[in-house]
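Student: This is the structure I have questions about; it appears just below.
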Amino acid sequence: MPYTGTPKRILENINYYNLINGYKELFILTPGTATSEEKYKRGAKFSEIYALYKKFDRELRMIFLKRILIVENQIKSQIAYEFSKKYGHDNYLKTSNFDLTRGDTKQLKKIVNLIKTVQSDIARQVDKHGAINHYMSEYGYIPLWVLVNILSLGTISYFYSCMKQTDRQNISRIYRISDADLRSILGILTLCRNKCAHDERLYDFRSHIYIRTNSIHRSLSIPMMYGRPKCGNKDLFAVLITLKILLKNKEFKEMVSEIKKALNKLSKELFVISIDDVLYKMGFARNWEDIELI
Numbered sequence: 143m144p145y146t147g148t149p150k151r152i153l154e155n156i157n158y159y160n161l162i163n164g165y166k167e168l169f170i171l172t173p174g175t176a177t178s179e180e181k182y183k184r185g186a187k188f189s190e191i192y193a194l195y196k197k198f199d200r201e202l203r204m205i206f207l208k209r210i211l212i213v214e215n216q217i218k219s220q221i222a223y224e225f226s227k228k229y230g231h232d233n234y235l236k237t238s239n240f241d242l243t244r245g246d247t248k249q250l251k252k253i254v255n256l257i258k259t260v261q262s263d264i265a266r267q268v269d270k271h272g273a274i275n276h277y278m279s280e281y282g283y284i285p286l287w288v289l290v291n292i293l294s295l296g297t298i299s300y301f302y303s304c305m306k307q308t309d310r311q312n313i314s315r316i317y318r319i320s321d322a323d324l325r326s327i328l329g330i331l332t333l334c335r336n337k338c339a340h341d342e343r344l345y346d347f348r349s350h351i352y353i354r355t356n357s358i359h360r361s362l363s364i365p366m367m368y369g370r371p372k373c374g375n376k377d378l379f380a381v382l383i384t385l386k387i388l389l390k391n392k393e394f395k396e397m398v399s400e401i402k403k404a405l406n407k408l409s410k411e412l413f414v415i416s417i418d419d420v421l422y423k424m425g426f427a428r429n430w431e432d433i434e435l436i
């Protein structure tokens, strides 16, 4: 597949690896080896790879990031409220307010690391963030409901995992799921958020964190393999399932509508591969659209 004319001009402005190496997989007929070059499917066009990269995956990142940020803000608020209600809004640096029931050094180390991370974030933001500076200057501490605004989703997820089980359950109960489920959900959302924020390839997202089989998998009749759903457990569809659990229905339906539109636009620019090939790489079930009816 030669790169001349418009493709050549595009590659002058876009990192070759990000575009070609990052999005060519669906268009490859025979992978390259040490002794032979890779072969593309007959009729493969640069425009198709570019459409997958520029017009679809970028839009997909925006769609997912918008909703993850909504979830991030509501989780931060719920954690700040639940923790402060029980321990006060300035006692998040005390190890005794976290889960030490197992009594092992590993858990204590985890909590100490969390506290160090929080202290480091405060030190880094005290001269940059108006509210942080104000509370430190006026009161010598920062209320948790203010502090959570500067904590990353990764840190807030870590904070949640260190909370006492009863406190975790008070939050997970809002979503009618277990605290273990919410922990894994926050973990996979953190990984997806980072992909979106760093402009990395998203459509074939895979995580080392699994979400457990739930009523959504069962309602969609997703087949099982090795004790887990064949799709929707560590892929982009799994992220969509978690957002179905955490978002309000109206917001989720808008998200599904936007994904449908993005897929429809992409399908009009595909010739060598089909939109079903793309959906398969995304981990989306064939009846994925039914998720908004559940």
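With the sequence shown counted from 1, adding 142 to any position gets you the numbering used here. Think of the CB as a built atom: it goes at the ideal place given N, C-alpha and C, for glycine as much as any other residue.
Nearest CA to the CA of residue 186: which residue from 162, 209, 344?
Tutor: That would be 162, whose Cα lies nearest to the Cα of residue 186.
Student: Give me, in chain order, the residues of the same chain whose beta-carbon lies closer than 7 Å to that of residue 303; leave out the 5 immediate sequence neighbours on both sides.
Tutor: Cβ-Cβ distances below 7 Å link residue 303 to 325 in the same chain, with the five nearest sequence neighbours on each side left out; the list follows chain order.
Student: In chain order, what residues of the same chain lie with their CB nearer than 7 Å to the CB of residue 417, ignoring the 5 residues before and after it?
Tutor: Excluding residues within five positions, the ones whose Cβ falls inside 7 Å are 405, 408, 409.
Student: Measuring only the C-alpha atoms, how far is residue 290 from residue 218?
Tutor: 6 Å
Student: Using 8 Å as the threshold, is the C-beta distance between residue 369 and residue 425 below it?
Tutor: In this structure, residue 425 does not lie closer than 8 Å to residue 369 by Cβ.
Student: May I ask you to list the residues that DSSP assigns as paired with residue 172?
Tutor: 181
Student: Tell me, which residues are paired with residue 348 by DSSP?
Tutor: 377
Student: Please confirm if residue 405 has its CB atom under 8 Å from at least one CB of chain B.
Tutor: Although the question refers to chain B, the structure presented lacks it and comprises just one protein chain.
Student: Taking buried to mean at least 16 other C-beta atoms within 10 Å of its own C-beta, is residue 305 buried or exposed?
Tutor: buried
Student: Would you call the stretch 351 to 371 and the stretch 232 to 242 touching, i.e. three or more CB-CB distances under 8 Å?
Tutor: no
Student: Counting only the same chain and skipping the five closest in sequence on each side, list residues whose C-beta sits under 8 Å from that of residue 311.
Tutor: Cβ neighbours of residue 311 within its own chain (closer than 8 Å, five residues either side excluded): 320, 321.
Student: Give the secondary structure of residue 147 by DSSP, where H, G and I count as helix, E and B as strand, and everything else as coil.
Tutor: Its pLDDT being 44, under 50, residue 147 is placed unreliably by the model, and the measurement read from it follows with that caveat. Assigned with DSSP and collapsed to three states, residue 147 falls in coil, not helix or strand.
Student: Pick helix, strand or coil for residue 370, following the three-state DSSP scheme.
Tutor: strand
Student: List the whole-angstrom C-beta distance separating residue 338 from residue 210, where the pair is believed to meet the contact cut-off of C-beta under 8 Å.
Tutor: Contact between residue 338 and residue 210 holds: their C-beta atoms lie close to 7 Å from each other, under 8 Å.
Student: Of all the options 200, 257, 308, which has the alpha carbon lying nearest to the alpha carbon of residue 243?
Tutor: Of all alpha-carbon atoms in 200, 257, 308, the one lying nearest the alpha-carbon of residue 243 is that of 308.
Student: Let's see if you can read the secondary structure: which residues bound the alpha helix (DSSP H) around residue 290?
Tutor: Counting along the chain, residue 290 falls outside any alpha helix (DSSP H), and DSSP gives it neither H nor E.
Student: Three or more C-beta pairs under 8 Å: does that hold for the stretch 183 to 201 against the stretch 326 to 336?
Tutor: No: fewer than three Cβ pairs fall under 8 Å.
Student: Would you tell me roughly how many angstroms separate the C-alpha atoms of residue 182 and residue 378, rounded to the nearest one?
Tutor: 26 Å
Student: Out of 333, 164, 174, 275, point me to the one whose CA is closest to residue 192's CA.
Tutor: 164
Student: What number of angstroms, rounded off, separates the C-alpha of residue 216 from the C-alpha of residue 341?
Tutor: 24 Å
Student: On the three-state DSSP scale, how would you describe residue 403?
Tutor: helix
Student: Measure the alpha-carbon distance for residue 207 versus residue 254 and round it to whole angstroms.
Tutor: 30 Å
Student: What does a CB cutoff of less than 8 Å around residue 427 pick up in its chain, not counting 5 residues either side in sequence?
Tutor: Excluding positions up to five away in sequence, the list reads 362, 364, 373, 374, 379.
Student: Which residue comes first and which comes last in the alpha helix (DSSP H) that contains residue 193?
Tutor: That residue, residue 193, is in no alpha helix (DSSP H); it is neither H nor E in DSSP.
Student: Can you tell me which of 298, 178, 237, 263 puts its alpha carbon nearest to the alpha carbon of residue 222?
Tutor: 298
Student: From residue 385 to residue 180, what distance separates their C-alpha atoms?
Tutor: 38 Å
Student: State the DSSP-derived secondary structure class of residue 332, mapped to helix, strand or coil.
Tutor: helix
Student: Tell me which same chain residues have a C-beta within less than 7 Å of the C-beta of residue 336, skipping the five on either side of it?
Tutor: none
Student: In angstroms with no decimal places, state the Cα-to-Cα distance between residue 246 and residue 285.
Tutor: 29 Å
Student: With residue 255 as the anchor, note down where its alpha helix (DSSP H) starts and where it stops.
Tutor: Secondary structure note for residue 255: its alpha helix (DSSP H) is the uninterrupted segment 247 to 267.
Student: Only counting the same chain, and skipping five residues up and downstream in sequence, which positions put a Cβ closer than 8 Å to that of residue 437?
Tutor: With the chain represented from 143 up to 436, any question about residue 437 goes unanswered, as that position is not in the structure.
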